[in-house]
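Residue numbers (my numbering), protein chains in the order written: chain A, 282 to 395; chain B, 404 to 516.
No residue lacks a Cβ here, since even glycine has one placed at the ideal position from N, Cα and C.
Given the structure is predicted, the values throughout are model-derived calculations rather than measurements.
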Amino acid sequence: SQELEQSPQSLIVQEGKNLTINCTSSKTLYGLYWYKQKYGEGLIFLMMLQKGGEEKSHEKITAKLDEKKQQSSLHITASQPSHAGIYLCGADRGSGGSNYKLTFGKGTLLTVNP
Amino acid sequence: SAVISQKPSRDICQRGTSLTIQCQVDSQVTMMFWYRQQPGQSLTLIATANQGSEATYESGFVIDKFPISRPNLTFSTLTVSNMSPEDSSIYLCSVVSVSYEQYFGPGTRLTVT
């Protein structure tokens with residue numbers, strides 16, 4: 282079965298600083314999703330990556346999927362307190378194609394101090 | 404994108420009872436899933452809710468414990484049966500949009516006493 286490892290597990294940064302969260306898969310990624318979760322709430326969709334080398338940005342958040350499609354990174358530029366939360370990566374379990382069933386990493390808890 | 408609502412948002416139930424959670428989407432979707440997030444854990448897929456047929460369950464989950472209905476392309480229910488404290492979790496439904504992005508509902512926080 283596929284395993285996803287997220288690093289770091291937690292991160293505390295000062296407002297305005299940049300940060301990166303990594304998600305490494307034990308298998309080739311055919312679809313990688315990034316979500317943000319506030320404590321005890323639902324998941325907010327951030328981005329979906331499918332192609333090796335793909336990079337997407339939304340506001341101050343950029344996500345990349347490496348060429349070999351086994352690792353993704355999420356980068357936040359000039360962090361703000363509103364970025365605080367738990368960031369989760371989810372990988373499509375399909376092998377050779379998408380089946381939309383996701384396996385999730387354990388999450389990265391981001392704290393942004395004003 | 405898709406707008407998803409879940410009812411109830413939270414509940415406290417006694418062991419041995421059952422709770423049915425509803426998931427409503429604002430547009431027709433082909434794929435709908437149910438996930439569970441136990442305290443301090445990440446999300447685990449329970450089952451795929453299939454419209455007009457029996458749900459497809461993941462390893463470790465059975466229909467008797469988690470019966471699922473999906474009468475149409477915008478609605479599904481998940482029942483947690485004969486609850487025990489170990490069932491205390493957040494239950495979330497998700498859908499795949501026409502652009503193949505997957506969106507999650509706000510979740511139902513269940514506490515079993």
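Around the Cβ of Ser445 of chain B, are there at least 16 other Cβ atoms within 10 angstroms (buried) or fewer (exposed)?
Answer is buried; the Cβ neighbour count reaches 16.
Who are the Cβ neighbours of Phe385 of chain A in its own chain at under 6 Å, not counting the five residues just before and after it?
Within the same chain, Phe385 of chain A has close Cβ partners Leu369 and Gly371.
Go through its chain and collect everything with a Cβ distance to Thr459 of chain B's Cβ below 8 Å, but skip five positions before and after it.
For Thr459 of chain B, where only same-chain residues beyond five positions count, the Cβ hits under 8 Å are Ala450, Thr451 and Asn453.
Cβ of Ser487 of chain B less than 8 Å from any chain A Cβ?
Answer no: the Cβ-Cβ gap between Ser487 of chain B and chain A never drops below 8 Å.
When Cβ atoms are compared, which residues of the segment 318–345 of chain A fall closer than 7 Å to chain B?
Taken in chain order, the members of the segment 318–345 of chain A whose beta-carbon sits within less than 7 Å of a beta-carbon on chain B are Gly321, Glu322, Gly323, Leu324, Phe326 and Met329.
Could you give the DSSP three-state label for Ser479 of chain B: helix, strand or coil?
Reduced to three states, the DSSP call for Ser479 of chain B is strand.
What are the start and end residues of the beta strand (DSSP E) that includes Leu446 of chain B?
Note, Leu446 of chain B: beta strand (DSSP E), Leu446 to Ala452.
When you compare only the Cα positions, how much space is there between Gln520 of chain B and Arg439 of chain B?
The structure shown has nothing for residue 520 of chain B, since chain B only spans 404 to 516.
Three-state class that DSSP yields for Ser492 of chain B in the structure shown:
Strand at Ser492 of chain B.
Can you confirm whether the segment 301–310 of chain A touches the segment 419–435 of chain B when touching is taken to mean that 3 or more C-beta pairs between the two stretches lie within less than 8 Å?
With the cut-off at 8 Å, the segment 419–435 of chain B and the segment 301–310 of chain A do not touch.
Take the Cβ of Gly366 of chain A as the centre, count every other Cβ of all protein chains shown within 10 Å, and call the residue buried at 16 or more, exposed below.
Burial call: buried.
Rounded separation between Leu391 of chain A and Ser282 of chain A - CA only:
Spanning the two alpha carbons is a distance of roughly 28 Å.
Cβ pair Ala344 of chain A, Ser353 of chain A closer than 8 Å:
Here Ala344 of chain A is near Ser353 of chain A, since their CB atoms are less than 8 Å apart.
On the three-state DSSP scale, how would you describe Pro362 of chain A?
The answer is helix: DSSP assigns Pro362 of chain A an H, G or I state.
Would Gly510 of chain B and Glu322 of chain A be called neighbours here (beta carbons separated by less than 8 Å)?
Against a cut-off of 8 Å, the Cβ pair of Glu322 of chain A and Gly510 of chain B comes out as a contact.
According to the Cβ coordinates, are Ile407 of chain B and Leu481 of chain B closer than 8 Å?
Contact annotation: Ile407 of chain B and Leu481 of chain B have beta-carbon atoms that are not nearer than 8 Å.
Going by C-alpha to C-alpha distance, which of A:Pro362, A:Arg374, A:Glu335 and A:Asp373 sits closest to Leu355 of chain A?
Looking at the Cα atoms, A:Glu335 is the closest of the given residues.
What does the Cβ neighbour count give for Asp467 of chain B, buried or exposed, with the cut at 16 atoms within 10 Å?
With fewer than 16 Cβ atoms within 10 Å of its Cβ, Asp467 of chain B is classed as exposed.
Three-way DSSP call (helix, strand, coil) for Glu457 of chain B in this model
In the three-state scheme derived from DSSP, where H, G and I count as helix and E and B as strand, Glu457 of chain B is classed as coil.
Can you check which of these residues, B:Asp490, B:Glu461, B:Glu489 and B:Ser456, is closest to Pro474 of chain B by C-alpha distance?
When C-alpha distances from Pro474 of chain B are compared across B:Asp490, B:Glu461, B:Glu489 and B:Ser456, the shortest belongs to B:Ser456.
If I follow the unbroken beta strand (DSSP E) through Asn394 of chain A, where does it start and stop?
Bounds of the beta strand (DSSP E) holding Asn394 of chain A are Thr389 to Asn394.
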